[in-house]
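See structure below.
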Amino acid sequence: MKWRLLEEKVFRALMILCLGAVIAGLALIVAVITAKGARSLSWEMLTQVPKGGYYLGKSGGILNAIVGSLALAFGATALACVFAFPVCLYLQRDYAGRSRLASFVRTSLDLLWGVPSIVYGAFGFTVLLYMGMRASLLGGIIALALVELPIMARAMEEAVRMVPQALKEASYAMGGTHWETMRKVVLRQALPGILTAILLAFGRGIGDAASVLFTAGYTDNLPRSLLDPVASLPLAVFFQLGTPFPEVQSRAHACAFILLVIVLVVSVLSRLLGSRVSKYSLR
Amino acid sequence: MRLRLLTERLTSLWFLCLSVVVMLLTAIVAGALVHRSLPILRRHPLGALLGGSGWHPMQDQFGFLPFIVGTVWVTVLAMAMAVPVCLLSAIYLAEYARSATRAVVRPLLDVLAGIPSVVYGLFGVLLLVPLVSDHIAPWAAKHLSFLPGATPREGYATGYCLLTGAIVLAMMVAPLIISIADEVLRSVPVAMREASLAVGATRWETVKHVSARFAAPGLVAAVVLGFSRAFGETMAVLMVVGNVPMAPRSVFDPAYPLPALIANNYGEMMSIPLYDSALLLAALILMVTVLAFNLLAQGVLVIAKRRAAQ
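These protein sequence lines map, in sequence, to chains A and B. In this text, residue positions in the first sequence follow the working numbering: the first is 1, and each later residue adds one. In this text, residue positions in the second sequence follow the working numbering: the first is 1001, and each later residue adds one.
Next up, the structure:
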């Protein structure tokens, strides 16, 4: 009898320990990156592009990587949206029903979700070669959109599926077409979830390094057109950490800190936005 | 009036087209990789490529074995660390935790899942590499030297090793496994749990005999999805695992996983014949493995859903 209760207590303690360890891991990551990164962060770093000898420890900043990362992530999120949103609408009963096609599309999205981003990077580079292009902002956007698409579609479909069927039927009953129902009822009702999905994909996209490694290139200049190569924050961390100079390495820490802050802000923003916009939806 | 119906037709058609594109996307990516890895497959038999251990692209020698062994080891080690911790955490979240605790922990897990891989990698470089090289490795050399996998190769005790990579990887896949396992456990009908509690079982006994058994397929799927995510993770592992193309013999040896191989070499050295073909074959191996695992997990999840519906 006592043995049973002891077992219960031991495992309960063990579980709390495990969950505590996971949360402590998160705290540790944030603490270490903040402690190391905030120290070497300066106004100069945020507002200047690298100058001559920057990678030997001379002056300059990483504005090129910040702008590049934002451009890549915005572009990729927009491109992924163009695909994810219609596909999610299509996967509803109203369009695809329970057809074979819908289940194939779902399976494909699930599979794409699991494909490592390095594979998308390699694939993107092959496509660039095939089209005779160099590593460029456009190439990076395409590869990154492939990474973001399944993440966004999965979250978006969840949101769209939550829209009650009765609500849509009310619209159909008044003579609304599918498209009108989607635009005026489903979009409005699912808007919080859709925005959360977009921000989630944006957050994942801006931190992804492996997909932009070959496709976006790296440069010290700000991008002028879609066909220019472009720097990005994750790669700035990676490359600067690889140099033998402590000054440059500490800038890598600062880059990681900036990246972490962006990701955390996006994450908090999506939560706030989700609850703020949800006042427009019925429940 | 006509315009409305035209819009309706056009949007339906447009949705259909995009859906077909998305459906074909997996096949397109896989097809491109197959197409580009054909040149090397024509020159060398697949068995020799997968089983060969010499990697000398200049001499037309491409053996993937050290990289495959490295990938498998780092993933298996990471899963060995992550799975018990994650399952226990998920059980706590799903079965024990108050809803206020859940409301705090779930968002934190989402944050953890969203942290970029380079940040994990940098964390590994800053904290785990010194920890492993200065404390764990010497301690293991002193107390665990009788174990086969505890002594590093001569001259490689740098902290950039299999163990460090596995710890970073375990931290990365933890939120994914916990979220899925938690969801699966939550889908166990309350009535089943109550039936067990009503006959006097403790909570843990209920978990052991009812919830975990009922949710077993879903828990397996959670672990498999975590495994396949870990298998393809690139940057974080690349930054801490050492990247020496030899099959590791201990956990303190450096390893060179497949994704790191692609990331370090692709896009350069394109003048060496067959090199890019070899790297795309590496990408293909990764993709096929991960797809196989994911299909497995999806299949198991379908079984789990059917069970829950009964």
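Glycine included, every Cβ here is placed at the ideal spot set by N, Cα and C.
Per DSSP, cross-strand counterpart(s) of residue i
i                : result
W1055 of chain B : B:F1062
G1242 of chain B : B:A1255
Distance CB(residue i)-CB(residue j) smaller than 8 Å
i                : j                : result
L1291 of chain B : L111 of chain A  : yes
S1019 of chain B : H178 of chain A  : no
H1035 of chain B : F1062 of chain B : no
M1171 of chain B : Y1120 of chain B : yes
P1175 of chain B : L1109 of chain B : yes
T1234 of chain B : A170 of chain A  : no
F1252 of chain B : A1181 of chain B : no
I1028 of chain B : L1274 of chain B : no
V1074 of chain B : A1140 of chain B : no
V212 of chain A  : G75 of chain A   : no
P150 of chain A  : L109 of chain A  : yes
L14 of chain A   : T1202 of chain B : no
G1052 of chain B : A1236 of chain B : no
V1168 of chain B : L1128 of chain B : yes
L137 of chain A  : V230 of chain A  : yes
S267 of chain A  : G1114 of chain B : yes
P234 of chain A  : L259 of chain A  : yes
V1105 of chain B : L19 of chain A   : yes
V1184 of chain B : G1218 of chain B : yes
A190 of chain A  : A155 of chain A  : no
V22 of chain A   : V1085 of chain B : yes
E158 of chain A  : G193 of chain A  : yes
Y172 of chain A  : L1016 of chain B : no
T1164 of chain B : V1244 of chain B : no
The alpha helix (DSSP H) enclosing residue i, as first and last residue numbers
i                : result
G114 of chain A  : 100-114
D1110 of chain B : 1099-1114
S1117 of chain B : 1117-1123
T126 of chain A  : 117-130
F1015 of chain B : 1002-1043
P234 of chain A  : 233-241
F74 of chain A   : 63-90
K168 of chain A  : 165-173
K184 of chain A  : Segment: none, K184 of chain A is in no alpha helix (DSSP H) and carries neither H nor E.
V147 of chain A  : 137-161
P1248 of chain B : Neither: P1248 of chain B is in no alpha helix (DSSP H) and is coded neither H nor E.
L1127 of chain B : Per DSSP, L1127 of chain B belongs to no alpha helix (DSSP H) and is neither H nor E.
T1158 of chain B : Neither: T1158 of chain B is in no alpha helix (DSSP H) and is coded neither H nor E.
L1219 of chain B : 1216-1232
A214 of chain A  : For the record, residue 214 of chain A in the displayed sequence is Phe; it is not Ala. That run of the alpha helix (DSSP H) goes 212-215.
H1143 of chain B : 1137-1143
Assumed close pair residue i, residue j - CB separation to whole angstroms, cut-off 8 Å
i                : j                : result
V1224 of chain B : A1078 of chain B : No, V1224 of chain B and A1078 of chain B are not in contact; Cβ-Cβ is about 14 Å, not under 8 Å.
W1055 of chain B : E7 of chain A    : The Cβ separation is near 50 Å, so there is no contact.
A1283 of chain B : I1262 of chain B : 6 Å
A65 of chain A   : C255 of chain A  : 7 Å
I118 of chain A  : P1116 of chain B : With 8 Å as the limit, I118 of chain A and P1116 of chain B do not qualify as a contact, their Cβ atoms being about 14 Å apart.
N1265 of chain B : L1279 of chain B : 6 Å
G1031 of chain B : A1247 of chain B : Not quite, the Cβ-Cβ distance comes to about 31 Å (not below 8 Å), so this is no contact.
V263 of chain A  : G203 of chain A  : 5 Å
L1050 of chain B : F1064 of chain B : 5 Å
T219 of chain A  : L128 of chain A  : Actually they are not in contact, since the Cβ atoms of T219 of chain A and L128 of chain A sit about 16 Å apart, beyond 8 Å.
L273 of chain A  : L195 of chain A  : 5 Å
T47 of chain A   : G61 of chain A   : 6 Å
A1221 of chain B : L1301 of chain B : 5 Å
A153 of chain A  : G124 of chain A  : With a Cβ gap of about 19 Å, A153 of chain A and G124 of chain A do not count as contacting.
Near the ligand GTP: residue i beta-carbon under 7 Å from a heavy atom
i              : result
R98 of chain A : The ligand GTP is not part of this structure, which contains no ligands at all.
Which whole runs of the alpha helix (DSSP H) in the region 24-54 of chain A are 4 residues long or more, in chain order?
Whole alpha helix (DSSP H) segments, 4+ residues: 43-47.
Check: Of all the beta strand (DSSP E) runs that stay within the bounds of the region 1181-1211 of chain B, which reach a length of 3 or more residues?
Finding: Qualifying beta strand (DSSP E) stretches: none in this window.
Practice problem: Can you give me, in chain order, the residues of the region 28-41 of chain A that have a beta carbon less than 8 Å from any beta carbon in chain D? | Solution: Among the chains of the structure shown, chain D does not appear; the protein chains present are A and B.
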